[in-house]
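*Asks:* This is the structure I have questions about; it appears just below.
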Amino acid sequence: MTAALARPILLRYAAPSELAAAPLHSSVRLSLDGARGPVGVRGTVRDAALFRDAMAALATILESDLRYKGRDRTAYLAYLMKQGKKATAAIWEAQKAFLEGAFPDDVAGQGDGSAAKTRVSGGLDPVLTVHPDEVSIEVFSRDESAYARLAFSSDLFEGREAAHGTAFVDLSPRIVEQIDRLRVYAKVELDAGAARGDGAAAGDAPIERSLQVPTTWLRGFLQVQSAATLPAVSCELAPIDLYNALFVLRTRKAKKPPRGLRFELVPGKPPRLILEPWEIQIECHGAPYEGPPRVVRTFGRQRLLALSRLLPHVRSARAELRGPGLPVFWVLDLGRATLTIALTGWSDSSWASAASFDALMPPDGKGGDKARAALDALAGRQLALLRERGPLPLAALAAGGGAEDARAALQLECLRGRVLYDVARRVYRPRELFADPVDERDIRYSSPREAAAHRLLGAPGAVRPTKVHEIAGEGTEIHGEVADREAHRDFSPRFTMDLEGRVSDAWCSCPTFRRSGLREGPCEHMIALRVAYARERAERDALRQTAEGRSLIRAETRTYVRREASGAEVVYRVSLDDRVVHLSWGARTEAPRHQRIWFDTDGEARDAYFKRLDTLTSSGFVDADASSA
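No gaps in the numbering here: position 344 of the sequence shown is 344 in our numbering, and each next residue is one more.
Pasting the structure below:
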C-alpha cells in the first residue's frame, strides 16, 4: 500500500503560550490543544534553573536542522535581471529556494480578523503528556534526525495539580525566548492547560492551525520510538566524560570521513570513547561495562552539542546502542528531570534509512492473516493493561507469554502512536498521540518507489546482491541484479556506501535513472538492493554463529581491534576468499603488514580462517564488525 502524502491535523489553542513576569514572581503559561479534553498540570517549580535550561535544550533540538543549505543568490540574480541580463530557469529556481527557506510554513489568515491560521505543511507541535509520576514533552527535529523526550518528575512541582492525558503544546520561539530569560531567583509557577488563563492579555485571540503533517515526518517520529523497544547494549558515562566529548566537538571540525563516535566496550572496564577521524581517546569514569566485548561506531555526534546547556545539571549519562543504522539513545539523569534523546546518523529521512528501519515494521499480511490477527489481539490486551495499571516493564506485560511476542505487539502499538517506551526507566507507558490511532499501513512506506521496492523484494530471488567490494578508505561498493516481473526486464543497480553508512555514486540501468538520475530520488531497484543487502548481511551474521552457517561462507572479511596499554590501537584484518586467507595487521596510524596463505581446499582455508578469528578473540581482540549503530 502506498502511503498518503500528508495527514491533516487541526490544532486549537485558546491563547498563545506566554510568560508573565514580576520582580519576585513569574508565571509560565503553556497553552495546550483544546481538542483533547481536560489535560494539564499546575504547580510551583522547585528548581527554576533546571526547568529553564532543560526547556532551552529541548527547544534547541526541536529547531535543529543540519541539512545542507546552499548560499542564497536571489538578490544578485535580481540585480542581473535589472541590468537586462537574460532571465533563465536558474533564476526562478533560486528565488523559489529562497522563498521556501525564508518561509517554510505557508501561513495565511482566514480574513475574519481572528488569529486563526492555516499552515500548509510541517511537523507536529511538541507533545505534552501528563502521567501520574511525571510530565513529559516530546519533540522531533526539523531535519527528522533527532528525537527528544524531556520528563519532569512530580517532585519538581510543589502543590502539583494534574489532569492526566496527552495534548499538543504551543512551544513557539517567543515563549522559548521568554523562558530563556527566566529569573531563577524568583518564584516560578507553571500552568499548562487548554483553558485560557485569567491573566492572559485581553488582545490574545484563539489560535487555530490546520497542519498537513508529511507522512515521512510522522513515519520517522513513530519509528524512532519503535526502535526504542529493541534490545540494546548500554554503558554508563560520568558528566565529565560528556563534557570532554563536547569540548572536542566544539573545538574541532572534521574535514573528512569517518565522523563517528566510537565506543570501545571491554568487560569489567569503564567505556572508552574515540572521536574520529582524529582518533582522540577519552577514558571514561562511569561504571564498568558488563557484557560481551564490543566496538560500536555511532554517527550523528554533532547533535550532542545541544546538551551543552544541561552539563551543570547532569548527574549521570547512559548510552544505549542498538543495531546497525538504528538510532543511538542517550539518557541524561538531571535529578528531578530526565532527558532522553535519540540520534540518527543522517539528516532527513533519506532512502539510506529504508534498510535500517525495515525490521521495525510489522509483517504486511504475508505471514498469514491468523498470525496478524493474533498480534493485533495481543496488542489490544497489552494496551488495555497499560491504561488500567499505568507504566509497566516488558516482563510484567509478557507474563504468561513469550517476551518476543509481547515486544512485537508493543512495537506495533508504538507505531500506532498509542504506546510510548520510556527508555530512561525501561517501562512502557500509554500515550495517545492522536484521538484515533495511526494506521501502520499508511506509514509503512515513505514513497511509492519504496512500496514498489518491497513489491520486488516480495518475489523470491528477484533481488540479489551479486558483488560486494570493500574500498579502502571509501566504503563498500554493492552491485546487484533485480528481476522486475511487471516490466518484464532485468535491471542492474549499484551504489557505494561510505564509511558513515551514507549512499553515494548510485547507478541503475532502468529508464527512471536514465531519465533523471538521482534528481527525483533513487529508483525502486536501488532501494530494493539496499534493503536486500542489509537483510543478507543480518542473516549471514546470524548464520556464522553456527557450524552449519560457517560451512556456507566462502568469502568474508572481518576486522578485529585491541587497545594496548600505551594507548595505541592494533587493527587485525582477516579475509577469506575461497582457498586464500589474507591477513593484514598493524597500528591504525601506520601502514599495515600483509600475508597471504593458500590452501589445497576451500574447507581447509575456512577452518584456518575461523581458527584465526578464535585466536584473536582469546588474545583480547574485539570484533569491530559485530555492531555499528
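Cβ atoms here follow ideal geometry from the backbone N, Cα and C, with glycine treated the same way.
What residues in its chain sit with their C-beta under 8 Å from that of Arg46, if we drop five residues either side in the sequence?
*Replies:* Taken in chain order, the residues that qualify are Asp155, Leu156, Phe157, Glu158 and Arg336.
*Asks:* Skipping 5 residues on each side, what residues in its chain have a beta carbon closer than 6 Å to that of Val176?
*Replies:* Here the set comprises Ala59.
*Asks:* Considering Ile9, what are the terminal residues of the beta strand (DSSP E) in which it resides?
*Replies:* Looking at the DSSP string, the run of the beta strand (DSSP E) that includes Ile9 is Ala6 to Tyr13.
*Asks:* Would Ala371 and Thr215 qualify as a contact pair, given that the criterion is a beta-carbon distance under 8 Å?
*Replies:* Taking 8 Å as the Cβ cut-off, Ala371 and Thr215 do not qualify as a contacting pair.
*Asks:* Please state whether DSSP places His313 in a helix, a strand or coil.
*Replies:* Here His313 sits in helix by DSSP.
*Asks:* Considering only C-alpha positions, which residue in the set Ala506, Ala532, Arg36 and Trp278 is nearest to Pro460?
*Replies:* Of Ala506, Ala532, Arg36 and Trp278, the residue nearest in Cα terms is Ala532.
*Asks:* Would you tell me roughly how many angstroms separate the C-alpha atoms of Phe630 and Val41, rounded to the nearest one?
*Replies:* Since the displayed the chain opens at 1 and closes at 629, residue 630 lies outside it and no answer follows.
*Asks:* Suppose contacts are defined by Cβ-Cβ distances below 8 Å. Is Glu320 in contact with Ala232 by that definition?
*Replies:* For Glu320 and Ala232, yes; Cβs fall inside 8 Å.
*Asks:* What would DSSP say about Tyr533, mapped onto helix, strand or coil?
*Replies:* Three-state DSSP puts Tyr533 in a helix.
*Asks:* Measuring only the C-alpha atoms, how far is Gly401 from Leu375?
*Replies:* About 12 Å.
*Asks:* Can you tell me which of Arg579, Arg209 and Ala506 puts its alpha carbon nearest to the alpha carbon of Tyr609?
*Replies:* Nearest option by C-alpha distance: Arg579.
*Asks:* Taking only runs that begin and end inside the stretch 558 to 621, name each unbroken beta strand (DSSP E) of 3 or more residues, in chain order.
*Replies:* With a minimum length of 3 residues, the continuous beta strand (DSSP E) runs that stay inside the stretch 558 to 621 are 569 to 577, 580 to 587 and 593 to 598.
*Asks:* Between Pro393, Ile443 and Asp442, which has its C-alpha nearest Leu420's C-alpha?
*Replies:* For the residues Pro393, Ile443 and Asp442, the minimum Cα distance to Leu420 belongs to Pro393.
*Asks:* Spell out a yes or no on whether the stretch 217 to 224 and the stretch 310 to 319 are touching, meaning 3 or more CB-CB pairs, one atom from each, closer than 8 Å.
*Replies:* No, the stretch 217 to 224 is not in contact with the stretch 310 to 319.
*Asks:* Are Glu440 and Leu456 close, meaning C-beta to C-beta below 8 Å?
*Replies:* Contact: no.
*Asks:* In the DSSP output, which residue or residues are listed as bridge partners for Gln212?
*Replies:* Gln212 pairs with Pro8.
*Asks:* List in chain order: all unbroken beta strand (DSSP E) runs of 3+ residues lying wholly within the stretch 360 to 423.
*Replies:* Listed in chain order, the complete beta strand (DSSP E) runs (minimum 3 residues) inside the stretch 360 to 423 are 419 to 422.
*Asks:* Run through DSSP, which three-state label would Phe140 get?
*Replies:* It is a strand residue.
*Asks:* Report the start-end ranges of each alpha helix (DSSP H) in the stretch 412 to 487 that is 4 residues or longer and not cut off at the edges.
*Replies:* The qualifying runs are 448 to 457.
*Asks:* Using 10 angstroms around the beta-carbon of Arg449, count the other beta-carbons present and answer buried if the total reaches 16, otherwise exposed.
*Replies:* Classification of Arg449: buried, given that the 10 Å Cβ count is 16 or more.
*Asks:* Name, in chain order, the residues that DSSP records as bridge partners for Phe263.
*Replies:* In the DSSP output, where bridge partners are listed per residue, Phe263 has Leu273 and Val296.
*Asks:* Quick one: is Gln110 buried, meaning 16 or more other Cβ sit within 10 Å of its Cβ, or exposed?
*Replies:* With a pLDDT of 39 at Gln110, under the threshold of 50, the modelled position of that residue is not reliable, and the figure given next carries that caveat. Looking at its Cβ environment, which holds fewer than 16 other Cβ atoms inside 10 Å, Gln110 is exposed.
*Asks:* Between the alpha carbons of Arg252 and Ala306, how many angstroms are there, rounded?
*Replies:* Distance between the alpha carbons of Arg252 and Ala306 is about 16 Å.
*Asks:* In this structure, what does DSSP give as the bridge partners for Gln281?
*Replies:* DSSP lists Ile274 as partners of Gln281.
*Asks:* State the DSSP-derived secondary structure class of Glu678, mapped to helix, strand or coil.
*Replies:* For the chain, the structure presents residues 1 to 629; residue 678 sits outside this window and is missing.
*Asks:* Report the three-state DSSP secondary structure of Lys255 (helix, strand or coil).
*Replies:* Three-state result, Lys255: coil.
*Asks:* Evaluate Ile280 with the Cβ neighbour count: other Cβ atoms within 10 Å of its Cβ, from every protein chain shown; 16 or more gives buried, anything less gives exposed.
*Replies:* Ile280 is exposed by the Cβ-count criterion.
*Asks:* Do Arg183 and Ser26 come within 8 Å of each other at the CB atom, strictly closer than that value?
*Replies:* Yes. Within cutoff.
*Asks:* Assuming Asp241 contacts Leu265 (C-beta within less than 8 Å), just tell me the rounded distance between them.
*Replies:* About 14 Å; that fails the 8 Å criterion.
*Asks:* Out of curiosity, what's the CA-to-CA distance linking Leu150 and Ala462?
*Replies:* The alpha-carbon atoms of Leu150 and Ala462 are separated by roughly 45 Å.
*Asks:* Can you tell me which of Thr44, Glu474 and Trp598 puts its alpha carbon nearest to the alpha carbon of Lys639?
*Replies:* Any question about residue 639 goes unanswered here, given that the chain covers just 1 to 629.
*Asks:* When the Cα of Pro592 is compared with those of Pro493, Arg612, Leu583 and Arg181, which residue comes out closest?
*Replies:* Checking every option, the nearest Cα to that of Pro592 belongs to Leu583.
*Asks:* What number of angstroms, rounded off, separates the C-alpha of Arg250 from the C-alpha of Arg303?
*Replies:* Cα-Cα distance, rounded: 11 Å.
*Asks:* Report, in whole angstroms, the separation of the C-beta atoms of Cys508 and Met526, which I expect to be a contact under 8 Å.
*Replies:* That belief holds up - the Cβ atoms of Cys508 and Met526 are roughly 6 Å apart, short of 8 Å.
*Asks:* Quick check: what's the CA-CA separation for Ala624 versus Ala424?
*Replies:* One C-alpha to the other measures close to 27 Å.
*Asks:* How many angstroms separate the CA atom of Val130 from the CA atom of Arg431?
*Replies:* Using only the alpha carbons, I get a separation of about 9 Å.
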